[in-house]
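Which chain is which? The protein sequence lines are A and B, in order. For the first sequence, this note's numbering begins at 266 and goes up steadily by one. For the second sequence, this note's numbering begins at -3 and goes up steadily by one. Contents: one structure, followed by commentary.
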Amino acid sequence: MAKKNISFTLNGGQVETLVEPRELLIHVLREQLGLTGSHIGCETSHCGACTVDFNGKSVKSCTVLAVQAEGGTVITVEGLAKNGALHPLQEGFMQEHGLQCGYCTPGMLMRSYRFLQEIPNPTEEQIRSGLSGNICRCTGYQNIVKAVQYAAKKLQATGGK
Amino acid sequence: MTPGNFEYHAPTDIKQALALLIEYGEEAKILAGGHSLLPMMKLRFASPGHLIDLNRVQGLKGIREQGGMIHIGAMTTENELIASELLQKKCPLIPEAALWIADPQVRNCGTIGGDIAHGDPGNDHPAIMLVTEATFVLKGPKDERVVAANGFFLGTYSTQLNADEILTEIRVPVIAKGTGYAYCKLKRKTGDFATAAAAVQLQLDGNTCKKIAIALTNAGPTALRAKDAEAVLTGKAIDERLIEQAAQKAMAICDPAEDQRGDREYKTHMAGEMTRRAIRRALERARGK
């Protein structure tokens, strides 16, 4: 099949690459663009490890075609830290021990990143349902919830920066 | 897991999309949210030679009221349904059901039109469409036709949608005064299809059930309208005894497929229980509780 040239905004910069229509966004991010932060867990849109921000919404990048990113805006976990300073969410996951093996963490972070923009001051229940598309097999979720609460507080205090 | 080879098309208006559908015929598949089709393509249950992506087609999104009906663009996502104040007020069963579908990320992509047109009995919108007495706008190369949800679903992955047509809009009547509704769904975990689910919409006149519609999800080869169960309750003051009779009638039409969610007997019983719960909840709501 003829390859297609696609161009989109990735973590604030413009990228251009050649993809087969059948290639999934997660594969292109990891294998062609070298951003291996987003993980492949189940590849069946269940686990959420591949969650990225696409055009202002959280999506599972194993179930989006790379060609669909044409002209769009993608943010991955590599785009969270700014000028060497961790994003409040990354800080929260560290401070509250929101991870053990860390495999689900990039997806958890990217989902939480968008979730806290949708609901800046969430209840515990809202956090749990907001993150219900992301599976963690280590933590039992307690500390993930705490990490998101930590970030929510910090983001509120600093006006969402 | 990667889908097989295909050619990708991203039309920007519905005419182009229909022309592509004619050009590639049986080889073509319409791509909406992609969360049913792409998984099937990864597993090679589907291997279309041409994918026609509707995501860039103008005019297929949005929710508006027109002449006592709510018109929903087929490419409106589940999360857009949930967030719609218009739907919450005028067709509240739709956002209630959408909240039970998959998870937040999937609901950002999955669309009401895709959910309906896919013809999967495990999808949630078909039962909702049956009880709200929705109609579907099917656009073909020459003209469009409007068909009722009741009768649209022919079998598993089979609907009245012709190969050269695209579902473009869903039309749902605004609920009448005294309406109660509920969608009760049993699922093993977030993201799973229903083990069984029941949709109910009813209208009370005083204490009498003036009108009721009941439909079941994943209890047969299509969503099932439980007409016999409705007949038990129509024109009556609904009590627990009648609810039990209606649940038995609903169970009598179940024909579920055995799978990892349970055997036929279990699923049928769960369909009965979801029916009981949905009727009770709809009654409470109709009474303003």
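Glycine included, every Cβ here is placed at the ideal spot set by N, Cα and C.
By the 10 Å Cβ neighbour count, where 16 or more other Cβ atoms means buried, how is residue 41/B classified, buried or exposed? Position 45 of the second sequence holds residue 41/B. Residue 41/B counts as exposed, since fewer than 16 other C-beta atoms from the protein chains shown sit within 10 angstroms of its C-beta.
Look at the alpha carbon of residue 198/B and the alpha carbon of residue 423/A, and state the distance between them as a whole number of angstroms. Taking the first residue of the second sequence as 1, we reach residue 198/B at position 202. Taking the first residue of the first sequence as 1, we reach residue 423/A at position 158. If you take the alpha carbons of residue 198/B and residue 423/A, they lie about 49 Å apart.
Kindly say whether residue 411/A, judged by its beta-carbon, lies nearer than 8 Å to any beta-carbon of chain B. Position 146 of the first sequence, counting from 1, holds the residue named residue 411/A. Closer than 8 Å: no.
Just verifying my parser: in three-state terms, what is the DSSP assignment at residue 364/A? The count along the first sequence starts at 1 and reaches residue 364/A at position 99. Taken through DSSP and simplified to helix, strand or coil, residue 364/A comes out as coil.
Under the rule that 16 or more other beta-carbon atoms within 10 Å means buried, what is residue 255/B, buried or exposed? In the second sequence, the residue the question calls residue 255/B occupies position 259. Answer is exposed; the Cβ neighbour count stays below 16.
Applying the criterion that 16 or more other CB atoms from any shown protein chain within 10 Å of the CB defines a buried residue, is residue 83/B buried or exposed? By 1-based counting over the second sequence, the position of residue 83/B is 87. When all chains shown are included, residue 83/B counts as buried.
Residue 274/B CB to nearest heavy atom of the ligand ADP below 7 Å: Looking at this structure, you won't find the ligand ADP or any other ligand, since it has none at all.
Residues that DSSP places opposite residue 16/B in a beta bridge: Within the second sequence, the letter at position 20 stands for residue 16/B. Partner(s): none; residue 16/B has no beta bridge.
Could you give the distance in angstroms between the alpha-carbon of residue 269/B and the alpha-carbon of residue 238/B? Taking the second sequence and counting its residues from 1, the one referred to as residue 269/B is at position 273. Taking the second sequence and counting its residues from 1, the one referred to as residue 238/B is at position 242. Inter-residue distance for residue 269/B and residue 238/B is about 14 Å (C-alpha atoms, whole angstroms).
Where does residue 351/B fall in DSSP's three states? Absent from the structure is residue 351/B, since the part of chain B shown begins at -3 and ends at 285.
Of the listed residues 184/B, 93/B and 141/B, nearest to residue 196/B (C-alpha basis): To locate residue 196/B, count along the second sequence from 1; it is residue 200. Residue 196/B has its Cα closest to that of 93/B, out of 184/B, 93/B and 141/B.
In the DSSP assignment, what residue or residues form a beta bridge with residue 281/A? Within the first sequence, numbered from 1, the residue matching residue 281/A stands at position 16. Paired residue(s): 272/A.
With burial defined as no fewer than 16 other Cβ atoms inside 10 Å of the residue's Cβ, what is the status of residue 333/A: buried or exposed? The residue you call residue 333/A lines up with position 68 of the first sequence. Around the beta carbon of residue 333/A, a 10 Å sphere encloses 16 or more other beta carbons of the protein chains shown; the residue is thus reported as buried.
By the criterion of Cβ-Cβ separation under 9 Å, what are the contact partners of residue 376/A in chain B? Along the first sequence, one-based indexing puts residue 376/A at 111. Under the 9 Å cutoff, chain B gives 100 and 101.
Contact between the region 344 to 362 of chain A and the region 127 to 143 of chain B: three or more CB pairs below 8 Å? Not touching, per the Cβ criterion.
Give, in chain order, every residue of the region 287 to 307 of chain A whose Cβ lies closer than 8 Å to some Cβ of chain B. Listed by position, the residues of the region 287 to 307 of chain A near chain B (Cβ gap below 8 Å) are 287, 288, 289 and 292.
Pair every Cβ in the region -1 to 12 of chain B with every Cβ in the region 399 to 409 of chain A, then say whether three or more of these pairs are closer than 8 Å. The answer is no - the region 399 to 409 of chain A does not touch the region -1 to 12 of chain B, with fewer than three Cβ pairs under 8 Å.
Members of the region 0 to 28 of chain B near chain A, C-beta cut-off 7 Å: The residues in question are 0, 1, 2, 3 and 4.
List the endpoints of the continuous beta strand (DSSP E) containing residue 169/B. One-based indexing of the second sequence puts residue 169/B at position 173. Residues 162 to 169.
Continuous alpha helix (DSSP H) stretch holding residue 206/B: start and end: Taking the first residue of the second sequence as position 1, residue 206/B is located at position 210. For residue 206/B, there is no enclosing alpha helix (DSSP H); the enclosing beta strand (DSSP E) covers residues 204 to 213.
Whose C-beta lies closer than 8 Å to the C-beta of residue 381/A among residues of the same chain, with five residues either side of it excluded? Indexing the first sequence from 1 puts residue 381/A at position 116. In its chain, beyond the 5 residues on either side, 354, 387, 413, 416, 417 and 420 have a beta carbon closer than 8 Å to the beta carbon of residue 381/A.
For residue 35/B, return the contacting residues in chain A, with the cut-off set at a CB-CB distance below 8 Å. In the second sequence, counting from the first residue as 1, residue 35/B sits at position 39. Here the neighbours are 309, 310 and 328.
According to DSSP, simplified to helix, strand and coil, what is residue 221/B? On the second sequence, residue 221/B is found 225 positions in, with the first residue counted as 1. Reduced to three states, the DSSP call for residue 221/B is strand.
Leaving out five residues on either side along the sequence, give the residues of the same chain with a beta carbon under 7 Å from the beta carbon of residue 149/B. Within the second sequence, numbered from 1, the residue matching residue 149/B stands at position 153. By the criterion of a C-beta distance shorter than 7 Å, residue 149/B is surrounded in its chain by 115, 122, 155, 218 and 219, once the five residues flanking it on both sides are discounted.
Return helix, strand or coil for residue 121/B, following the three-state DSSP convention. Position 125 of the second sequence, counted from the first residue, corresponds to residue 121/B. Residue state, collapsed to three classes: helix.
Which ranges does the beta strand (DSSP E) cover as unbroken runs of at least 3 residues, wholly within the region 303 to 329 of chain A, from first to last along the chain? Segments of the beta strand (DSSP E) lying fully in the region 303 to 329 of chain A: 316 to 319 and 322 to 325.
Anything in the region 337 to 350 of chain A with a Cβ closer than 8 Å to a Cβ of chain B? List those residues in chain order, please. Taken residue by residue, none of the region 337 to 350 of chain A has a beta-carbon sitting less than 8 Å from a beta-carbon on chain B.
Look up residue 52/B in the DSSP assignment and say whether it is helix, strand or coil. Taking the second sequence and counting its residues from 1, the one referred to as residue 52/B is at position 56. In the three-state scheme derived from DSSP, where H, G and I count as helix and E and B as strand, residue 52/B is classed as coil.
Looking at the secondary structure, which residues open and close the beta strand (DSSP E) in which residue 133/B lies? Residue numbering aside, residue 133/B sits at position 137 when the second sequence is read from its first letter. Note, residue 133/B: beta strand (DSSP E), 131 to 135.
Looking at the unbroken alpha helix (DSSP H) that takes in residue 376/A, where does it start and where does it end? Position 111 of the first sequence, counted from the first residue, corresponds to residue 376/A. Boundaries of the alpha helix (DSSP H) harbouring residue 376/A: 370 to 383, taken from the DSSP string.
Using a Cβ cut-off of 9 Å, pull out every chain B residue sitting near residue 316/A, in sequence order please. Looking up residue 316/A in the first sequence gives position 51. Within chain B, the residues placing a beta-carbon under 9 Å from that of residue 316/A are 101, ordered along the chain.
Within chain A, partners of residue 51/B - CB distance below 8 Å: Against the second sequence, residue 51/B aligns to sequence position 55. In chain order: 333.
Collapsed DSSP secondary structure at residue 246/B in the structure displayed: Here residue 246/B corresponds to residue number 250 of the second sequence, with the count starting at 1. Here residue 246/B carries a helix assignment [DSSP, helix/strand/coil].
Between which two residues does the beta strand (DSSP E) carrying residue 283/B extend? In the second sequence, the residue the question calls residue 283/B occupies position 287. First-last for residue 283/B: undefined, no H or E at that position.
Provide the residue(s) that pair with residue 181/B in DSSP beta bridges, ordered along the chain. If you number the second sequence from 1, residue 181/B lands on position 185. DSSP lists 193/B as partners of residue 181/B.
Under 8 Å between C-beta atoms, does residue 357/A make it to chain B? Stepping through the first sequence from its first residue, residue 357/A is reached at position 92. For residue 357/A, the answer is no, since every Cβ of chain B falls outside 8 Å of its Cβ.
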